[in-house]
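Residue numbers (our numbering): 900 to 1334. Step one of this worksheet: look at the structure below.
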């Protein structure tokens, strides 16, 4: 029988929601218990103040540590202590299951700009967030935690399986539900649900869960326990593929040869093959290879002819498809013109660099420093060309032409990846598995 200890400046906030519907019945039956602890009751100020201005200046007020500390110490068995805060660990169904095993849970409802940070050193407090939003206070968020945890308690739902046959319970969103009448304003209930074949119904519901998750929360699919049938369902779903708007442009000129000199580099067979295969794997557009050197263009033509029209292609159709994406170009302008003709609109240029932009780094660029998610958003709006540099990286004159710069792949440490390795990582970060 869990006990929730709520530390809040507004304990009256909880009266109605904790006395209504399932929660009210569970409370009456003794399945859940609540106690309330108002920090104002522990204030040493004659006006019961519990907030003050922040050190260092800035807007708003901060909840003082002394009244909060006293309120927490007044709880005889606090159990795990949660602080509702937008910067905390996200509340998930797995976390709710974890918390449901506790006998006592203390929930601190923050207000104002937050609590005095020293409380996190004095107590074992776990910040928890219910979403990437800012609320007036932690009370609303605390209710979300209470409901998510309580409904997992034996007897709370009435029918035990109800709590585990819902969204997130199996890593996927829930399937749609229908009830009478059989036809609502011309829309019938799906026939499979009226047929009485429980195996077909279970299969249909699983397919609907997979489809709903892809449509609304594709990020969940990365951790969901997918079956072979689920993968087949995903493969059959028609959807927009932003990867079609994204093309790599491998620059061999102009590139940095050393800290002060730019020039041309030689193309390599491995880069051409691997980046072409990456482009094919992620359903991307044409892969542009830029070099002004005629001997290099001849080498590239021989590689492509062998694998697309010669003996290499006849024995390896997959490789031929990948190399068929390669478009030679003598300059970046030529590559841009080719992509413009293909899409009917000039592509946005995004530069990739192994060096974080800064003064003295030769990293002048006019556009924003972008995350992979922002580049993906651009892909959903129109064509994007992602420029990759060989040798020591893209020359400053290329960076100046670009509309954005994607941050380095490994900017916190060693960052000397091969260009083909960086291409694979960037494609996956921008497009992921479900594009």
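We treat Cβ as the ideally placed atom computed from N, Cα and C, and that holds for glycine.
> Of the residues 1251, 1089, 907, which one's Cα is nearest the Cα of residue 1318?
Replying inline: For residue 1318, the closest alpha carbon among the candidates 1251, 1089, 907 is that of 1251.
>> Using DSSP's beta-bridge definition, name the partner residues of residue 1005.
In response: Per the DSSP secondary-structure output, residue 1005 pairs in a beta bridge with 904, 980.
> Using CA coordinates, which residue listed in 1077, 1271, 1307, 1212 is at the minimum distance from residue 1088?
Replying inline: With distances taken between CA atoms, residue 1088 lies nearest to 1077 out of 1077, 1271, 1307, 1212.
> Alpha carbon to alpha carbon, what distance is there between residue 1091 and residue 1103?
Replying inline: Roughly 8 Å separates the two Cα atoms.
> Taking the continuous beta strand (DSSP E) assigned at residue 1295, which residues delimit it?
Replying inline: Where residue 1295 is concerned, there is no enclosing beta strand (DSSP E), although the alpha helix (DSSP H) it sits in stretches over 1295 to 1300.
> Per DSSP, which one or two residues make a beta bridge with residue 1268?
Replying inline: Partner(s): 1304.
> Among residues of its own chain, excluding the 5 on either side of residue 990, which ones have a beta-carbon nearer than 7 Å to its beta-carbon?
Replying inline: Only 1027, 1028, 1029, 1043, 1044, 1047 meet the Cβ criterion.
>> Please report the straight-line C-alpha distance between residue 1226 and residue 1079, rounded to a whole angstrom.
In response: Near 58 Å, if we compare the C-alpha coordinates of residue 1079 and residue 1226.
> Are residue 1189 and residue 1238 touching if we call contact CB-CB under 7 Å?
Replying inline: Residue 1189 is not a Cβ neighbour of residue 1238, given a cutoff of 7 Å.
>> Quick check on DSSP: helix, strand or coil for residue 1013?
In response: Residue 1013 sits in coil when the DSSP states are folded into three classes, being neither helix nor strand.
> Given residue 1267, which residues of its chain have a CB within under 7 Å of its CB, disregarding the five upstream and five downstream residues?
Replying inline: Taken in chain order, the residues that qualify are 1303.
>> The beta strand (DSSP E) that contains residue 1188, what's its start and end?
In response: First-last of the beta strand (DSSP E) with residue 1188: 1186 to 1189.
> Expressed to the nearest angstrom, what Euclidean distance is found between the alpha-carbon atoms of residue 1321 and residue 1223?
Replying inline: Straight-line Cα distance between these residues: approximately 21 Å.
>> Please return the same chain residues whose Cβ sits closer than 7 Å to the Cβ of residue 1245, not counting the five positions on each side in sequence.
In response: If we look at residue 1245 and ignore the five residues flanking it on each side, its Cβ neighbours are 1235, 1239.
>> According to DSSP, simplified to helix, strand and coil, what is residue 914?
In response: For residue 914, the three-state secondary structure derived from DSSP is coil.
> Between the Cα of residue 1003 and the Cα atoms of 948, 905, 1276, 920, which residue gives the shortest distance?
Replying inline: Of the candidates 948, 905, 1276, 920, the one whose C-alpha sits nearest the C-alpha of residue 1003 is 905.
> Does the segment 1128 to 1138 touch the segment 1175 to 1183, meaning 3 or more C-beta pairs lie closer than 8 Å?
Replying inline: Judged by pairs of C-beta atoms under 8 Å, the segment 1175 to 1183 does not touch the segment 1128 to 1138, as fewer than three such pairs exist.
>> So residue 931 and residue 901 are supposed to be a Cβ contact under 8 Å. How far apart are they, rounded?
In response: So it is a contact: roughly 6 Å between Cβ atoms.
> At what residues does the beta strand (DSSP E) containing residue 936 begin and finish?
Replying inline: Per DSSP, residue 936 belongs to the beta strand (DSSP E) from 932 to 936.
>> According to DSSP, simplified to helix, strand and coil, what is residue 1261?
In response: At residue 1261, the pLDDT of 48 sits below 50, so the modelled position is not reliable; the number obtained from the coordinates is stated separately. Residue 1261: coil per DSSP, three-state reduction.
> Hey, would you say residue 1324 sits closer than 7 Å to residue 1271, going by beta carbons?
Replying inline: The criterion of a C-beta distance shorter than 7 Å is not satisfied by residue 1324 and residue 1271.
> On the premise that residue 965 lies in contact with residue 943, defined as a C-beta separation below 8 Å, what is that separation, rounded to the nearest angstrom?
Replying inline: Residue 965 and residue 943 do touch by the CB rule: their CB atoms are close to 7 Å apart, below 8 Å.
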